[in-house]
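Residue numbers (the working numbering): 1156 to 1477. Where a beta carbon is used, it is the ideal one built from N, C-alpha and C, also for glycine.
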Ligand SMILES: Cc1cc2nc3c(=O)[nH]c(=O)nc-3n(C[C@H](O)[C@H](O)[C@H](O)COP(=O)(O)OP(=O)(O)OC[C@H]3O[C@@H](n4cnc5c(N)ncnc54)[C@H](O)[C@@H]3O)c2cc1C
C-alpha cells in the first residue's frame, strides 16, 4: 500500500504548526484510501507529538538537519520515501524549507509539484489538488502524471487534528543527511510585537479605503483591545502604509481567525483567498455592494472614520465592565 509522507519542519526546537495541519489533511486522504500516514522530522523529541497529531509512522532524521537548507534534506526524504513506499508528499509552503525542497524533490523524481494547494482529494487512488490560478480569479484542479505526487500548502490552509495522546505509532530512525551546497551568510529576523498575524484569533485589517496611513493607528488600538493582530490588503502595503509582512491574501499570509474585521477593504478575490477561512467576518465599508460586505456576517455601511472611533469606545466600555 502506498501512503502519504508529511515533511515536518522544526524551528527554534518546535515543529512548525503547518506540519500538524498537513497531518490533518493526510489523515483525510488516508480515510479516502491513500494508505498510512508517515512524517519525517529531525529530532527524536518530536516523534510522539507527530503521532498524537495523526502520523502512523515517524521517520526521525538527525536533529542537525533542522534549520539546514533544502538540499541537505533530499537524502533523508528519499530514505523516508523508500522505507514508507509513500507516493504522496505534503510540505508546508515555507520560505525556510518547503518552497525550495518541494520543487527540488519534484525535479529529482522527474515529477511535478503543486504549490499552494487549497484542497486535496483522492480520485481513483490518485491525488487531485485544487489551487488558485489566474491571479486568484479562478481555481484549477490538477492530477499528476508522475508516480510521486508532491503538494505544498500555506500555513492555516488545512485544520490540524486535536492532539490525541492515546494514539500509537512506529518510530524509525533515518541516518541520511546531505551536504548542502549553500552557505547562508546572515539571517535577519523581523521583530514583531504582540500576537503573530498567522496565530491571531482576532485580525483587524485595513485597506486602501483608509485613505491615509495614519489610520492604521486606530486599527492597532482596536487590535490591542481585542488581543489581536493587524493585517492589511496588498493595495495598502503597496502604498507603503503598512509592512508587507502584514499583507493578507493570495500573495500574502493566510489567516483563519475567529473574528476578521475588514476596514475599507473591497474584498478582491486575491484578498479573500487569504482570509475566507475566518469564522466571523465583520466589514466596515462605505459601499454596500462591496464583495467584503457580501461575504461578511455583520457589516456597517458608513465611513470608517465615523464607525471605528465609536466601535473602539464601545469595546473599551464593555472591557471595563469585565
Ligand atoms: C496576482 C495578484 C495577487 C494579489 N495578491 C493580493 C493579496 O495577497 N492580498 C490583497 O489584499 N490583494 C492582492 N491583490 C490585489 C487585489 O486584486 C486588490 O487590488 C486589493 O486587494 C485591493 O485592496 P483594497 O481592498 O484595500 O482596495 P480597494 O479595492 O481600492 O478597496 C477599497 C475599499 O474601501 C472602501 N472605502 C473607501 N473609503 C472608505 C471609507 N472612508 N470608509 C469605509 N470604506 C471605505 C471602498 O468602498 C472599497 O471597498 C493581488 C492582485 C494580483 C493581480
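| Asked | Found |
| --- | --- |
| Closer than 5 Å: residues whose CB approaches a heavy atom of ligand 1 | 1290, 1362, 1363, 1364, 1388, 1389, 1390, 1404, 1405, 1406, 1407, 1419, 1420, 1421, 1423, 1425, 1426, 1440, 1441, 1442, 1445, 1458 and 1459 |
| Neighbour-count burial assignment, residue 1342, 16 or more Cβ in a 10 Å radius | exposed |
| Cβ-Cβ distance between residue 1408 and residue 1353 below 8 Å | yes |
| Candidates 1451, 1159 and 1457, of which the one nearest residue 1304 by Cα | 1159 |
| Beta-carbon spacing of residue 1419, residue 1364 below 8 Å | yes |
| Euclidean distance between Cα positions of residue 1327 and residue 1205 | 13 Å |
| Cross-strand partners of residue 1307 (DSSP beta bridge) | 1246 |
| Status (buried if at least 16 other CB within 10 Å, exposed otherwise) for residue 1338 | exposed |
| Segment limits, beta strand (DSSP E) that includes residue 1194 | 1192-1197 |
| Identity of the residue in 1198, 1393, 1454 and 1178 nearest residue 1319 by Cα | 1178 |
| Three-pair Cβ contact test at 8 Å for the stretch 1305-1319 versus the stretch 1260-1274 | yes |
| Residues of its chain near residue 1191, where Cβ-Cβ distance is below 6 Å and the 5 sequence neighbours each way are ignored | 1158 and 1211 |
| Range of the contiguous alpha helix (DSSP H) that encloses residue 1446 | 1446-1450 |
| Contact check, residue 1199 vs residue 1215, beta carbons under 8 Å | yes |
| Residue 1264 - DSSP class collapsed to helix/strand/coil | coil |
| Exposure label - residue 1237; buried when at least 16 CB within 10 Å | exposed |
| Secondary structure of residue 1460, DSSP reduced to three states | helix |
| Cβ contact check for the stretch 1258-1266 and the stretch 1277-1284: 3 or more pairs under 8 Å | no |
| Distance CB(residue 1402)-CB(residue 1291) smaller than 8 Å | no |
| Proximity of residue 1456 and residue 1373 at Cβ, strictly below 8 Å | no |
| Outcome for residue 1473 when other beta-carbon atoms lying within 10 angstroms are tallied against a minimum of 16 | exposed |
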